[in-house]
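Below is one structure, written out as structure tokens, with a few remarks after it.
Numbering (the numbering used here), first residue to last: 29 to 309.
Here's what the structure looks like:
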């Protein structure tokens, strides 16, 4: 388990040394078929994409998600399973069970540990979870781990995983944000920025901020989270459109404020052209 022994050493976390995308989790493939298809388009600088079936792997294998994950992996895209740590409140056994289901059902290449606690007091607990998840995917390709803090965590977390999400939030906050000084000791491929509400007119500025702050993986969108999911009968009717075999589906993908990232940004082609292959950094 190399993550627990390397301190400050560069990791080939993204498989690329240039700025690229990390997709934090599109909506269910039946609700966002264009988005999932776009991820296999040649020339898109994609480091990984997160599969979030139903706030995790769901209660049973979903054939639509299995097909989407298979297409990505066949295209050489790293697929990560979404595991919610609930800011440290998630029971260890539940997180490991989710990881095992993702591995068994969807053959994922690693995990995004969403809502990961950032404080030093919970570092040992997260280290234990990360080590166990690496053992779950103890294969030739290893296990790519991304800790979804959303803020700069204690520096000790850099020893636990391949990448840390050190910003996740609004453009209004991102444009005035600053990187923690300790991040300068690590290469850009260790850090991820996920920003919503970025206007097209500020896209160039957002990319410049990511590079200044040393982020190697980004996802910018002009979309915003919007209202919380509906409750009651209306929510059930909306979900039933994506059901499998008549069962009530669990198509949410909104853990950690993910709603803003469930669809392509309006300027997807433009941002791909800005940071795609052949673009000088």
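Cβ atoms here follow ideal geometry from the backbone N, Cα and C, with glycine treated the same way.
Fair warning: this is a prediction, and the values are worked out from it, not measured in the lab.
Under the DSSP assignment, residue 56 falls outside any beta strand (DSSP E); it carries neither an H nor an E label. Between residue 288 and residue 251, the C-beta spacing is below 8 Å. For residue 172, DSSP records a beta bridge to 138. Relative to the Cα of residue 178, the nearest Cα in the group 170, 208, 163 belongs to 208.
DSSP, read as helix, strand or coil, puts residue 235 in helix.
In the three-state scheme derived from DSSP, where H, G and I count as helix and E and B as strand, residue 206 is classed as coil. The three-state secondary structure of residue 112, taken from DSSP, is strand. The C-beta distance from residue 299 to residue 231 rounds to 6 Å, short enough to fall under 8 Å.
DSSP places residue 180 outside any beta strand (DSSP E), giving it a letter other than H or E. Contact between the segment 213–229 and the segment 238–247 is present: three or more C-beta pairs spanning the two stretches fall below 8 Å. Note that the C-beta distance between residue 137 and residue 106 is below 8 Å. Nearest C-alpha to residue 114 among 145, 304, 62: 145. Distance between residue 121 and residue 184, taken at the CA atoms: about 23 Å. Closest by C-alpha distance to residue 118, out of 159, 217, 153, 293, is 153.
Residue environment for residue 70: exposed (fewer than 16 other C-beta atoms within 10 angstroms of its C-beta).
The C-alpha of residue 151 lies about 16 Å from the C-alpha of residue 112.
A check of alpha carbon separations from residue 47 across 72, 87, 212 identifies 72 as the nearest. Shown here, residue 48 sits in a strand according to DSSP, grouped into three states. Note on residue 132: under 16 other CB atoms within 10 angstroms of its CB, so exposed under the neighbour-count rule. Classified as buried, residue 76 has 16 or more neighbouring CB atoms from the shown chains inside 10 Å of its CB. Residue pairing by DSSP places residue 245 opposite 48, 220 in a beta bridge.
If you check the CB distance, residue 141 and residue 173 come in under 8 Å.
Between the alpha carbons of residue 102 and residue 96 lies a distance of about 10 Å.
Looking at 290, 163, 218, the one whose alpha-carbon comes closest to that of residue 189 is 218. For residue 59 and residue 239, the gap between their C-alpha atoms comes out near 33 Å. Taking the C-beta atoms as reference points, residue 81 is found no nearer than 8 Å to residue 52.
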